[in-house]
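Chains as they are written, first to last, in UniProt numbering: chain A, 1 to 342; chain B, 1 to 342; chain C, 1 to 342; chain D, 1 to 342.
What follows is a set of notes on a single structure, which appears directly below.
Protein chains: 4
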Amino acid sequence: MAVRAAVAGASGYAGGELLRLLLAHPDVEIGALTGNSNAGQKLGALQPHLLPLADRVLEPTTPEVLAGHDVVFLALPHGQSAAVAERLGPDVLVVDMGADFRLKDAGDWERFYGSPHAGTWPYGLPELPGARAALEGSKRVAVPGCYPTAVSLALFPAYAAALAEPEAVIVAASGTSGAGKAAKPHLLGSEVMGSMSPYGVGGLHRHTPEMMQNLGAVAGEPVSVSFTPTLAPMPRGILATCSAKAKPGVTAEAVRAAYEKAFADEPFVHLLPEGQWPATASVYGSNAVSVQVAYDAAAGRIIAISAIDNLAKGTAGGAVQSMNLALGLDETTGLTTIGVAP
Amino acid sequence: MAVRAAVAGASGYAGGELLRLLLAHPDVEIGALTGNSNAGQKLGALQPHLLPLADRVLEPTTPEVLAGHDVVFLALPHGQSAAVAERLGPDVLVVDMGADFRLKDAGDWERFYGSPHAGTWPYGLPELPGARAALEGSKRVAVPGCYPTAVSLALFPAYAAALAEPEAVIVAASGTSGAGKAAKPHLLGSEVMGSMSPYGVGGLHRHTPEMMQNLGAVAGEPVSVSFTPTLAPMPRGILATCSAKAKPGVTAEAVRAAYEKAFADEPFVHLLPEGQWPATASVYGSNAVSVQVAYDAAAGRIIAISAIDNLAKGTAGGAVQSMNLALGLDETTGLTTIGVAP
Amino acid sequence: MAVRAAVAGASGYAGGELLRLLLAHPDVEIGALTGNSNAGQKLGALQPHLLPLADRVLEPTTPEVLAGHDVVFLALPHGQSAAVAERLGPDVLVVDMGADFRLKDAGDWERFYGSPHAGTWPYGLPELPGARAALEGSKRVAVPGCYPTAVSLALFPAYAAALAEPEAVIVAASGTSGAGKAAKPHLLGSEVMGSMSPYGVGGLHRHTPEMMQNLGAVAGEPVSVSFTPTLAPMPRGILATCSAKAKPGVTAEAVRAAYEKAFADEPFVHLLPEGQWPATASVYGSNAVSVQVAYDAAAGRIIAISAIDNLAKGTAGGAVQSMNLALGLDETTGLTTIGVAP
Amino acid sequence: MAVRAAVAGASGYAGGELLRLLLAHPDVEIGALTGNSNAGQKLGALQPHLLPLADRVLEPTTPEVLAGHDVVFLALPHGQSAAVAERLGPDVLVVDMGADFRLKDAGDWERFYGSPHAGTWPYGLPELPGARAALEGSKRVAVPGCYPTAVSLALFPAYAAALAEPEAVIVAASGTSGAGKAAKPHLLGSEVMGSMSPYGVGGLHRHTPEMMQNLGAVAGEPVSVSFTPTLAPMPRGILATCSAKAKPGVTAEAVRAAYEKAFADEPFVHLLPEGQWPATASVYGSNAVSVQVAYDAAAGRIIAISAIDNLAKGTAGGAVQSMNLALGLDETTGLTTIGVAP
């Protein structure tokens, strides 16, 4: 029994990565592919790496085109998903890869996105406490942002075990695909190769409230987040360096034990052996998350570092993983923990 | 029925890529993994992207360790395969990813490698005329070099259709993984990032006689090859720009027709639509070959350009494709034409 | 006595590099800086690496703004220089960094640029036979294209010494800054990092007639050029791999001697010691040209390879070098042969 | 009057960058160049970008070779400078680019370097309070580490103005040249391109006590430092993201004012206009430091970010700047604030 899937927004980076994964999924049949300005073009000209779909033609993103599928993935600009989703009916699984349904607090949404809040859907990060149960059988999924995926997985075990003070400091480096496919001068290869630069400093990044929401829920108290994203000269990957002051009495052993426990049964999160540190190259193209943690006794801080592929586990892989849970399939179907390296 | 495969030389780039592909192959079970200086180490420290094998320990490369497998892959330094192969017995499929058994002319071997010629095995480039039949059921396979794979696929249709003069001029750019994992100063990231440079100019590269052998066999006459390899600032990929003077009377239509015919039934070689040109990013991590060809009327030359992943189709993917043929499996089993991009 | 220089098109890559060089020129005072869509903005926001000019404001590109300077550099889109130049008066030195005045053949211009031919100015590649004399004291200079600079310097000694047949085959790799600062999807960092790709294949590149013009003038007969440009994952640099069949009787010694003679007194062109090959990293940011040549006896071809910085010697450095000659300054003033490496 | 300078360790990255800068210094004449394993080789083979010195031959690093110079720069492995320095006499200016004489606390040195402490020299970061006076006329200079340069300049204004709590959290990304020219597998281009990875996490990096020393001296109290260095896929550059909790009552205006005051008269440190953030590309090859600071009211933290070229201001540029002060030259002689970009 094949699940028939439509992808709205098939010409962008998230849509392209999703199609790459769906092509390898044994239970999925790829249905309608839609675009906006690119409707009418062949996918081969837009996503030349997806050879099996080279002759497929993009259709416009309309309810008619998206009708008749078991699953509809929305890879649309922020704020556009709600209008599409409400036309799709309650029996269709809708997986939103945008931000529209991630936040619980309407005020947060409005402050960062400037439009009315559309609602909150089950959150597609199964590794968070309680998240898996909410996804099983759900007809709606909000896929997390790429930074919140990396950061929440790096830090939640410290908060779940009550080891860390509720003030997290995070510096994350992202590959350029996280900024999307729209041509902007500062994203030109000439600008980004050989350069590291920050952006959205000082609480201005839209992903900050999502991190606070995730970590606060685990901690049982509000967690402040100082988040600085940086743009790194690579196409893919996020390296998130996260730290927080340790609570009194914390030991290196307790920290290690908390992380071992948190990820013991997780198929995609890999706590590295002590002494080995994550590298984004190791998870290139895979749904794996590499995590390492250290207790810096001199500074009194817990330092947790994660590496993900921003397009895979950070977006499209997380979407497929959640789809599997929602449809009652094995959570790992069609996904890999094997990176493409070097 | 699982095919049990051993990999000699599992710590290098070719061995690592082979393991990545074998992990995705439905009919293969991974047996012994061997190394030399790395024997005794866990694979997780050497190939951190291969998470499912992280706890496997490398064994020494001995006949005893390699015994008892259906297939043995040799990813060894040039000149070491013959000694290992002769201890493996005639019933084991031996796939040599080194150069030892590629050349037919013993003099060529001795001139470029400086040791006695070990012999010639069926050549693992199924797309070449006659090659597929020689591979089916064979117990020995010589996997082609990465440059000869890219160049032979780009140019053989022009020679098969007698459209090109027997003097080919080739300039190819390779990612740095083609130079292997041994630490050498000129391969440091600091040296290669931001830099293009040639090497082995003027007929000095060991892959030149292999190209001449392939193209000459198709042309039915000796083909001279002027080959200049260059090192490009990327981990993977080969872009081969190949040209030859057109024979009198050749037309653009005849050139296009020859290439369409040559690749019509090939599962991995994709002749791009006119106007679209290959990019190595499109075949990253895949077994696909992107080819485009043009007839430059003003210069009177046929220009054929191919893009491959040097580690995949250029080495480990070609090895798996040939293994499939040798074992009687579907040629495409476990291989993909979908690249990891962007 | 300071030379007062204006730069029209100061917000692009060519204009920015020119300003970088002029800031280091002891005899130049930087006057008006103009832009089009960027007029009114501070240079610090557009060219943040030019700290001493951070507070300068771009003015519109008008004759009034450009009046009153000793030198006016035009870094404008192709086809726009003629209209500006004719308003500047015959006593102002006008250095055009665009293509408008490079070609002698009006038909070539019209075929490749699709507009009426504006004329031909002294050609700013002093190393070509006869070029230096035409530049000295001239009030008009046409700066060569970046590819023609690299290719002409690599090959002209072979033609000057009548060693090569008049059919050149050229494959060149360029950094992305050669494509300019206009935001286009295929130039995004996500697209170009990790990828090599050709473009303008089969005689379609606008720089081809310029190469033919240069090489033909030296050879004394028409030289056909098969030119394939490729885009490399680096911000700067051109590596040009150029070859031609050797004329009968040519020897490796004769080839070496011709190149030694051609560059013996050149301040910027460096013929590398035998066995060492050019790398674009070595000339990063400098006006130097690294050249090496080999005679491939087996293929009967002369292979000459050059490395330049496309923005420096290939554009802005060539412009300053020509300005020096035109103004009667020492040709090397303000220019360096020292690259920024690694 | 030319200052005659010798460079011990001329074949490495620090030595090469120093020579690049000294070649552009109007008052310096380059004397002896020494190496160890490379003694006897021509510099052209080791530092091909330094064309004017291509024929200079490296000599062994002995007191005899280094004698007779006004300045001797030591670019040697850590722990080797003391033995060389004591043979050079008290009247020679010795500028040590290694770590040997940076730390004041002998215990810190022994803990991180495992050898006896050689002493403490005037610290070559003129921008720190009090540092400039100690350098003027000194015959000994300890050049700071690259990370401490970036971090100290980013944070000291906050401590000088008593705005920040004494617990700094720092995540810095460095280009690969910071790891030197010795060939190690994890520094291969194949490994680093496309990858971000941390190292020396949890207080293990040798630069941490140097940062604590600098910040503590300014703060007038011990400052703890949580420092995580990461390796970025670029040859040069450090981006240091530094933060600390703001003391009670701090405002954004007070933070801005403190930074404006600290850098008002500094020739190399540039506080960017509000809203613009540092990028390492902007300072490529220059001695400039780009700094920006923000007050994150929600998290209650001051976030200061700096970008430097690790080889220039971070090593060789800092060495020349200090040499200028020690010799009584203008501090900026031979140095530039203009980066090579894009």
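Every residue, glycine too, gets a C-beta built ideally from N, C-alpha and C.
*Listed from N- to C-terminal order along the chain, which residues in the segment 307-325 of chain C have their beta-carbon within a distance smaller than 7 Å of any beta-carbon of chain D?*
none
_Close-in-space but distant-in-sequence residues of the same chain around residue 251 of chain C (CB under 6 Å, 5 per side omitted)_ = On the third sequence, residue 251 of chain C is found 251 positions in, with the first residue counted as 1. Cβ neighbours of residue 251 of chain C beyond the five flanking positions: none.
*Which residues mark the beginning and the end of the beta strand (DSSP E) in which residue 295 of chain A is found?*
Here residue 295 of chain A refers to the residue found at position 295 of the first sequence. Looking at the DSSP string, the run of the beta strand (DSSP E) that includes residue 295 of chain A is 289-296.
*asked:* Counting only C-beta atoms, is residue 171 of chain B closer than 7 Å to chain C at any point?
replied: Position 171 of the second sequence, counted from the first residue, corresponds to residue 171 of chain B. So, interface residue.
*Are three or more beta carbon pairs between the segment 27-34 of chain A and the segment 1-13 of chain A nearer than 8 Å?*
yes
*Does any residue of chain B bring its CB to less than 7 Å from the CB of residue 50 of chain D?*
For the purposes of this step, residue 50 of chain D is taken as the residue at position 50 of the fourth sequence. Chain B contact via Cβ: absent.
_Within chain G, partners of residue 333 of chain A - CB distance below 7 Å_ = The question asks about chain G, but that chain is absent: this structure's protein chains are A, B, C and D.
*Quick one: list the residues of chain A neighbouring residue 342 of chain D, beta-carbon separation under 7 Å, in chain order.*
The residue given as residue 342 of chain D occupies position 342 in the fourth sequence. Here the neighbours are 190 and 191.
*Can you list the residues of chain D that residue 109 of chain A reaches, using a CB-CB cut of under 9 Å?*
By one-based count along the first sequence, residue 109 of chain A stands at place 109. Within 9 Å Cβ-Cβ: nothing; residue 109 of chain A doesn't reach chain D, min ~16 Å.
_Given residue 389 of chain B as reference, the closest of B/10, B/153 and B/166 once Cα atoms are compared_ = Any property of residue 389 of chain B remains undetermined from this structure, which presents chain B solely from 1 to 342.
*Please confirm whether residue 342 of chain B and residue 235 of chain A have their CB atoms less than 7 Å apart.*
By 1-based counting over the second sequence, the position of residue 342 of chain B is 342. By 1-based counting over the first sequence, the position of residue 235 of chain A is 235. Yes, these two residues count as a Cβ contact at 7 Å.
*Closest by C-alpha distance to residue 160 of chain D, when choosing among D/167, D/181 and D/259*: What you label residue 160 of chain D is simply residue 160 of the fourth sequence in a count that begins at 1. Out of D/167, D/181 and D/259, the CA that lies nearest to the CA of residue 160 of chain D is found in D/259.
*At least one CB of chain B closer than 7 Å to the CB of residue 37 of chain D: is that the case?*
For the purposes of this step, residue 37 of chain D is taken as the residue at position 37 of the fourth sequence. Cβ-Cβ to chain B under 7 Å: no for residue 37 of chain D.
*On the three-pair Cβ rule with 8 Å, is the segment 277-287 of chain C touching the segment 187-197 of chain B?*
yes
*Mind listing the chain A neighbours of residue 338 of chain B? Cutoff is C-beta to C-beta under 8 Å, in chain order.*
Position 338 of the second sequence, counted from the start, is the residue given in the question as residue 338 of chain B. Chain A residues near residue 338 of chain B: 20, 23, 24, 49, 50, 51 and 52.
*Report, in whole angstroms, the separation of the C-beta atoms of residue 109 of chain B and residue 142 of chain B, which I expect to be a contact under 8 Å.*
Locating residue 109 of chain B in the second sequence gives position 109, counting from the first residue. Locating residue 142 of chain B in the second sequence gives position 142, counting from the first residue. So it is not a contact: roughly 12 Å between Cβ atoms.
*Between residue 133 of chain B and residue 188 of chain D, what straight-line distance do the alpha-carbon atoms span, to the nearest angstrom?*
Sequence index remark: in the second sequence, residue 133 of chain B carries index 133 (1-based). Sequence index remark: in the fourth sequence, residue 188 of chain D carries index 188 (1-based). Those two C-alpha atoms are separated by around 40 Å.
_Tell me the DSSP secondary structure of residue 165 of chain D in three-state form._
The residue labelled residue 165 of chain D in the question sits at position 165 within the fourth sequence. DSSP places residue 165 of chain D within a strand segment (E or B) once states are collapsed to three.
*residue 269 of chain A versus chain D: which residues are under 8 Å apart at the beta carbon?*
Counting from 1 along the first sequence, the entry for residue 269 of chain A is found at position 269. Going along chain D, no residue has its Cβ under 8 Å from residue 269 of chain A, so there is no contact; the nearest lies around 17 Å.
*Compare the C-beta of residue 285 of chain D against all C-beta atoms of chain C and say whether one is closer than 7 Å.*
Translated into the one-based positions of the fourth sequence, residue 285 of chain D becomes position 285. Closer than 7 Å to the CB of residue 285 of chain D there is at least one CB belonging to chain C.
_Contact residues within the segment 153-180 of chain B, judged by C-beta distance below 7 Å to chain A_ = 177
*Where does residue 128 of chain B sit, in a helix, a strand or coil, going by DSSP?*
Within the second sequence, residue 128 of chain B is the residue found at index 128, counting from 1. Reduced to three states, the DSSP call for residue 128 of chain B is coil.
*Coarse secondary structure for residue 315 of chain C, derived from DSSP in three states*: If you number the third sequence from 1, residue 315 of chain C lands on position 315. Reduced to three states, the DSSP call for residue 315 of chain C is helix.
_Burial state of residue 206 of chain D, where buried means 16 or more other Cβ atoms lie within 10 Å_ = On the fourth sequence, position 206 is the one that residue 206 of chain D refers to. So residue 206 of chain D ends up on the buried side.
*How many angstroms separate the CA atom of residue 25 of chain A from the CA atom of residue 254 of chain A?*
Taking the first sequence and counting its residues from 1, the one referred to as residue 25 of chain A is at position 25. Taking the first sequence and counting its residues from 1, the one referred to as residue 254 of chain A is at position 254. Cα-Cα distance, rounded: 39 Å.
*Below 7 Å between beta carbons: does that hold for residue 290 of chain C and residue 337 of chain C?*
Taking the third sequence and counting its residues from 1, the one referred to as residue 290 of chain C is at position 290. Taking the third sequence and counting its residues from 1, the one referred to as residue 337 of chain C is at position 337. Not in contact: residue 290 of chain C and residue 337 of chain C (Cβ atoms no closer than 7 Å).
*Can you find a C-beta in chain C that's less than 7 Å from the C-beta of residue 235 of chain D?*
As a first step, residue 235 of chain D is located in the fourth sequence; it is residue number 235 there, counting from the start. So, interface residue.
*Kindly say whether residue 296 of chain D, judged by its beta-carbon, lies nearer than 7 Å to any beta-carbon of chain A.*
Along the fourth sequence, one-based indexing puts residue 296 of chain D at 296. With 7 Å as the cut-off, residue 296 of chain D counts as an interface residue toward chain A.
_Please tell me whether residue 148 of chain A and residue 124 of chain A are closer than 7 Å, where the distance is taken between their beta carbons._
By one-based count along the first sequence, residue 148 of chain A stands at place 148. By one-based count along the first sequence, residue 124 of chain A stands at place 124. In this structure, residue 124 of chain A does not lie closer than 7 Å to residue 148 of chain A by Cβ.
*Going along the chain, which residues of its own chain have a beta-carbon closer than 6 Å to the beta-carbon of residue 340 of chain A, five neighbours each way excluded?*
One-based indexing of the first sequence puts residue 340 of chain A at position 340. The answer, listed in chain order, is 284 and 285.
*Check residue 201 of chain B in the structure and name its three-state DSSP category.*
Your numbering for residue 201 of chain B matches position 201 in the second sequence. Residue 201 of chain B: coil per DSSP, three-state reduction.
*asked:* Let me check one thing: in DSSP terms, what residues is residue 5 of chain A bridge-paired to?
replied: Here residue 5 of chain A is taken as the residue at index 5 of the first sequence, counted from 1. In the DSSP output, where bridge partners are listed per residue, residue 5 of chain A has A/30 and A/71.
*Proximity test, Cβ basis, 7 Å: residue 282 of chain D and chain C*: For the purposes of this step, residue 282 of chain D is taken as residue 282 along the fourth sequence, with counting starting at 1. By this cut-off, residue 282 of chain D is an interface position.
*Using the beta-carbon of each residue, which ones in chain C are nearer than 8 Å to residue 183 of chain A?*
In the first sequence, counting from the first residue as 1, residue 183 of chain A sits at position 183. Close partners of residue 183 of chain A in chain C (Cβ separation under 8 Å): 183, 184, 185, 187 and 188.
*asked:* Let's test the definition: count the other Cβ atoms within 10 Å of the Cβ of residue 192 of chain A and tell me whether it reaches 16, buried, or not, exposed.
replied: Against the first sequence, residue 192 of chain A aligns to sequence position 192. With 16 or more Cβ atoms within 10 Å of its Cβ, residue 192 of chain A is classed as buried.
*If the cut is a Cβ gap below 7 Å, which residues of chain D does residue 194 of chain B touch?*
In the second sequence, the residue the question calls residue 194 of chain B occupies position 194. Within chain D, the residues near residue 194 of chain B are 235.
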